[in-house]
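Undergrad: Residue numbers (our numbering): -17 to 270.
1) Tell me, to the nearest whole angstrom, how far the beta carbon of residue 212 is from that of residue 91; I am working on the premise that it is less than 8 Å.
2) May I ask you to list the residues that DSSP assigns as paired with residue 115?
3) Ends of the beta strand (DSSP E) at residue 192?
4) For the putative contact between residue 274 and residue 17, defined by C-beta atoms under 8 Å, what is the C-beta separation to the nearest angstrom?
5) One question on the structure: do residue 57 and residue 134 come within less than 7 Å of each other, judged by their Cβ atoms?
6) Given a cut-off of 7 Å, decide if residue 165 and residue 149 are closer than it, judged by their beta-carbon atoms.
7) Label residue 198 either buried or exposed according to how many other C-beta atoms from any shown protein chain fall within 10 Å of its C-beta, with 16 as the threshold for buried.
8) Would you mind reading off the limits of the beta strand (DSSP E) that contains residue 0?
9) Taking 6 Å as the limit between beta carbons, can you name the residues of its chain near residue 9, skipping five residues before and five after?
10) In angstroms with no decimal places, state the Cα-to-Cα distance between residue 53 and residue 254.
11) Where residue 235 and residue 242 are concerned, what is the direct C-alpha to C-alpha distance, given to the nearest angstrom?
12) Closest to residue 256 by CA distance: which of 93, 157, 186 and 232 is it?
13) Cβ of residue 235 versus every heavy atom of the ligand FAD: is any distance shorter than 6 Å?
14) If we require 4 or more residues per run, which alpha helix (DSSP H) segments fall completely within the region 13 to 64?
15) Smallest Cα separation from residue -11: which of 221, 196, 126 and 174?
16) With a cut-off of 8 Å, do at least 3 Cβ pairs link the region 168 to 183 to the region 206 to 220?
17) If you reduce the DSSP assignment to three classes, tell me which class residue 9 lands in.
18) Here's the rule I'm using: 16 or more other beta-carbon atoms within 10 Å means buried, otherwise exposed. How should residue 110 be labelled?
19) Do residue 246 and residue 139 come within 7 Å of each other at the CB atom, strictly closer than that value?
20) Closest by CA to residue 265, which one among 22, -9 and -7?
21) Indicate the three-state DSSP secondary structure (helix, strand or coil) for residue 169 in the structure shown.
22) Taking 7 Å as the threshold (C-beta atoms), are residue 27 and residue 33 in contact?
23) Please classify residue 227 as buried or exposed, where buried requires at least 16 other C-beta atoms within 10 Å of its C-beta.
24) Do residue 185 and residue 123 have their CB atoms nearer than 7 Å?
25) Can you grab the Cα-Cα spacing for the pair residue 94 / residue 81, in whole Å?
26) Counting only the same chain and skipping the five closest in sequence on each side, list residues whose C-beta sits under 7 Å from that of residue 151.
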């Protein structure tokens, strides 16, 4: 069986792993049992040719990962809610996602734009550079702030477990806790690297589009997000073809730096959960 390109994310008390056509999410309950849910995941980029075109495929992949991320986070949240004899309604989940998106737009788009306008009263390249730098600083500050919360610390530990497990799989060693724990909690293909490429590309794109009013600047930033995401995806995809190249290492370096904030050293029990998740995906992909 050829080596799979696996990725994933941390969820509440668990880890989601995704292969080419399947995903699995493993969650540990309060009683110690590990629940594993799985399903088929066929990307639109494989179904319709138009969605496989450069730039477009990046936008589609980003949306799909957001959808899958929300789906698996919801599953893990419901498992946690069952442990506490609570039930999350569809309405509660919808409004939680909506508030999160609005908060992200306010914090990472509106706030840096507003602050940049106070400092530089001109729509030139320096304005856009300042806007981008402030966005990066706000992002790092946000990660540092939430990293102090106990629940988020646990999430970051599972994030580290996910990376260690993928490293072990790529090294072709038996997937045991003893083997997996030796590897780094940092991984160059993490979404954090993608986020930083997006932040850098946004500075360039926004410098080419110079609306005059504050409102039009805000609208342009929101509407250009898909294009920026698509370009960033292509940059990461091209550079990843030569993982040992200087260019790839340079591109992912900022993301690796931030991963030191978004990952923690996991416990053996957390590694067990991550291993269960990746083993399930490997088994499912082998059957296809």
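Built from N, CA and C at the ideal position, the CB exists for glycine as well.
Model, not experiment: these values are computed from the prediction.
TA: So, from the data block:
1) Between residue 91 and residue 212 the Cβ distance is about 18 Å, and since that is not below 8 Å, they are no contact.
2) Residue 115 is not bridged to any residue.
3) Counting along the chain, residue 192 falls outside any beta strand (DSSP E), and DSSP gives it neither H nor E.
4) Here the chain has residues from -17 to 270 only, and residue 274 is not among them.
5) no
6) yes
7) exposed
8) -4 to 0
9) -5, -4, 17, 58 and 61
10) 22 Å
11) 11 Å
12) 157
13) With respect to small molecules bound, the structure shown includes none, and the ligand FAD cannot be examined in it.
14) 26 to 29
15) 174
16) yes
17) strand
18) buried
19) yes
20) 22
21) coil
22) yes
23) exposed
24) no
25) 19 Å
26) -12, 157 and 260
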